[in-house]
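Enquirer: Residue numbers (my numbering): 5 to 159.
The following block contains the structure, expressed as structure tokens.
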């Protein structure tokens, strides 16, 4: 959402509801975004394939664990990129839960990037800062397969 002159955004709901708003990034005046041809960088399914064979067919991400995913230097993302635009999908989750994407080398935030119920396949667009060694981390609350596609980056 575009931020108003007074630093606020407006939210609208047709009926009364509780609302949670998580800020997951911003683009500064000197930052730039570059779109890339979508490239799969992780697919844990047994028949999963990626652009370079890495992070493919690794098996479901176990609940309570973190996948440290190499992003810099893959799928058109240069090693100097500061953040990445991803499409993250969970499929075949063992139970209802959430997935959090965050920069490796930093504490995991108390926010979800994607929420799902058992057996559901759910994709979500995620903007993530790139952390230590050109990686983003994915935390799965419950065991699930994970698919990650890159579609752009920020410098």
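Ideal Cβ positions, reconstructed from N, Cα and C, are used throughout, including at glycine.
The model shown is predicted, which means the values in this text are computed figures rather than measured ones.
Going by DSSP in three states, residue 138 sits in which element: helix, strand or coil?
Expert: Residue state, collapsed to three classes: helix.
Enquirer: Leaving out five residues before and five after residue 77 in sequence, what residues of the same chain have Cβ atoms less than 8 Å from its Cβ?
Expert: Closer than 8 Å at Cβ, skipping near neighbours: 83 and 138.
Enquirer: Locate the beta strand (DSSP E) running through residue 151, then write down its first and last residues.
Expert: 149-158
Enquirer: Can you tell me whether residue 27 is helix, strand or coil according to DSSP?
Expert: coil
Enquirer: Provide the residue span of the beta strand (DSSP E) that contains residue 70, from first to last.
Expert: 69-74 is the extent of the beta strand (DSSP E) around residue 70.
Enquirer: Out of curiosity, what's the CA-to-CA distance linking residue 80 and residue 111?
Expert: 27 Å
Enquirer: According to the neighbour-count rule (16 or more other Cβ atoms, all chains shown, within 10 Å of its Cβ), is residue 33 buried or exposed?
Expert: When all chains shown are included, residue 33 counts as exposed.
Enquirer: Tell me which residue opens and which closes the beta strand (DSSP E) that residue 94 is part of.
Expert: Here the beta strand (DSSP E) through residue 94 covers 87-95.
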